[in-house]
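Read through the structure below, which is laid out as structure tokens, and then see the notes.
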Amino acid sequence: MVLLLVISWFVPDSAAAVTRSQVNSSLKAKAVLLTDAQTGAVIYSRRADVPYPPASTVKLMTALLVWERTRLRGDIKIVRSDTQVEPSHVPLRVGEVVSVYDMTRTLLVGSDNDSAMALGRHVSGSNEAFLKLMNQRALSLGCKNTVFKTPNGLPASEQVTTCSDMMKIFNTVMKVPELREMCTTKGFTLKTAIGSQWVKNHNKLLGKFEGMGPAKTGWTYASRHTYAASVTRNGRELRLTLLNSSNKWDDAKLLFNFGFSEMPDTKQQAVASSESKQQASGKMHRVKRGETLYSISRQHGVSVEDLRRLNNISNPNVIRAGMVLQIPRS
Numbered sequence: 001m002v003l004l005l006v007i008s009w010f011v012p013d014s015a016a017a018v019t020r021s022q023v024n025s026s027l028k029a030k031a032v033l034l035t036d037a038q039t040g041a042v043i044y045s046r047r048a049d050v051p052y053p054p055a056s057t058v059k060l061m062t063a064l065l066v067w068e069r070t071r072l073r074g075d076i077k078i079v080r081s082d083t084q085v086e087p088s089h090v091p092l093r094v095g096e097v098v099s100v101y102d103m104t105r106t107l108l109v110g111s112d113n114d115s116a117m118a119l120g121r122h123v124s125g126s127n128e129a130f131l132k133l134m135n136q137r138a139l140s141l142g143c144k145n146t147v148f149k150t151p152n153g154l155p156a157s158e159q160v161t162t163c164s165d166m167m168k169i170f171n172t173v174m175k176v177p178e179l180r181e182m183c184t185t186k187g188f189t190l191k192t193a194i195g196s197q198w199v200k201n202h203n204k205l206l207g208k209f210e211g212m213g214p215a216k217t218g219w220t221y222a223s224r225h226t227y228a229a230s231v232t233r234n235g236r237e238l239r240l241t242l243l244n245s246s247n248k249w250d251d252a253k254l255l256f257n258f259g260f261s262e263m264p265d266t267k268q269q270a271v272a273s274s275e276s277k278q279q280a281s282g283k284m285h286r287v288k289r290g291e292t293l294y295s296i297s298r299q300h301g302v303s304v305e306d307l308r309r310l311n312n313i314s315n316p317n318v319i320r321a322g323m324v325l326q327i328p329r330s
């Protein structure tokens, strides 16, 4: 009996077939939504429209607005109000000047709360103005059950979202190559007034769970574990949002493995994908030093998503000088 219990609690770090009944009995999160990124089809759902506190997944909206308003260009001079937050924080020092790009990286990789405050103030002039902008943008995306009260996700009365709303935000962020890349970064060296430090990604599944791609983690005592994540296997991408879990890591592995168990035969898809590449490919492009999927897409007048799909690219970080990419017909 003990052996059976141990086996039932084990969630593998790699691909493994999982049934719906196993998900129903083992899932810890109160709310989840698992979808096919290509079609938007719902693979698994539980209380996806019930509001819960979002924790640091709020930072996805903060990053989106920063990108939309600045394209990650410019510098920020830090003021005292930026620094008056709880950890996680850089920490930033009053009077120092930091780049929007670096602060957005610390926001998504290190989940730093002072970065969120500085970025919001920089974009809108004040924290209050930025919160108004966050809520307006959420409504424009169709998020009807989301209320933002902070730019960083620290506990605040009546700050809530749903898995359905969070998926809308996550899907929009995933369309931005720069933000998608940041959400897959394992870590980087940041230089600020306090010196150099290694900023580590909070996503414990990155590099350890098969196909793990962009993600944003969240946790507070009030919200418990929250998560928005993407996994790609055999050219198929699944996206997950979950709220109020006692263990998002086990939940995510369980759900993603279930999702891929539900997908059609991947070997047949691989053959079809290869044939479609031959038909759809217009010309080839050898990647030069410093080029990104975003710059290559602009150069050829095609979309980043079409480039990724045609070349089976799940992680933009794999782009390296010397690679040859197939360019879809525009």
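The numbers in our numbering rise by one with no breaks, and the one at position 214 of the sequence shown is 214. Where is the CB? At the ideal position from N, CA and C, for every residue including glycine. From a predicted model like this one, the values you see are computed outputs, not experimental measurements.
Element boundaries [alpha helix (DSSP H), containing P177]: P177 to M182
Simplified DSSP state of K149, which is helix, strand or coil: coil
Cross-strand partners of F188 (DSSP beta bridge): V199
Candidates R298, A41, T62 and A48, of which the one nearest G153 by Cα: T62
Unbroken stretches of the alpha helix (DSSP H), 4 residues or longer, contained in the stretch 12-76: 20-26 and 59-70
Buried versus exposed call for T19 [16 or more other C-beta atoms within 10 Å across all chains shown]: exposed
Rounded Cβ spacing between T83 and V66 (contact assumed at less than 8 Å): Contact doesn't hold; Cβ gap of about 18 Å is too wide.
Local Cβ density within 10 Å of A118, reported as buried at 16 or more and exposed below that: buried
Residue range of the alpha helix (DSSP H) that includes L307: V304 to L310
Cβ distance (whole Å) where Y294 is taken to contact E178 below 8 Å: 7 Å
N- and C-terminal bounds of the beta strand (DSSP E) containing M134: Note, M134: premise wrong, no beta strand (DSSP E); alpha helix (DSSP H) at N127 to S140.
Three CB pairs or more closer than 8 Å across the stretch 100-112 and the stretch 34-46: no
C-beta contact flag for D75 and L92 at 7 Å: no
T220 vs Y227 beta-carbon contact at 7 Å: no
Nearest to E86 (by Cα), restricted to the options K132, F130 and T150: T150
In DSSP terms, what M212 is bridged to: V231
Alpha carbon of L27 to alpha carbon of R309, nearest angstrom: 31 Å
Given V324 as reference, the closest of V287, V302, E305 and H300 once Cα atoms are compared: V287
Simplified DSSP state of Q84, which is helix, strand or coil: coil
Per-residue DSSP class, three states only, for R329: coil
Residue environment, Q159, which counts as buried when at least 16 other CB atoms sit within 10 Å: buried
Environment of V97 [buried if 16+ CB atoms lie within 10 Å]: exposed
For S297, the three-state DSSP class (helix, strand or coil): helix
Limits of the beta strand (DSSP E) - the one that R236 falls within: R236 to S245
Alpha carbon of A321 to alpha carbon of S297, nearest angstrom: 16 Å
CA nearest to the CA of D306, picked from L34, G259 and K175: K175
Nearest neighbour of M182, chosen from R69, L206 and S140 [CA to CA]: L206
Backbone secondary structure at S164 - three-state DSSP: helix
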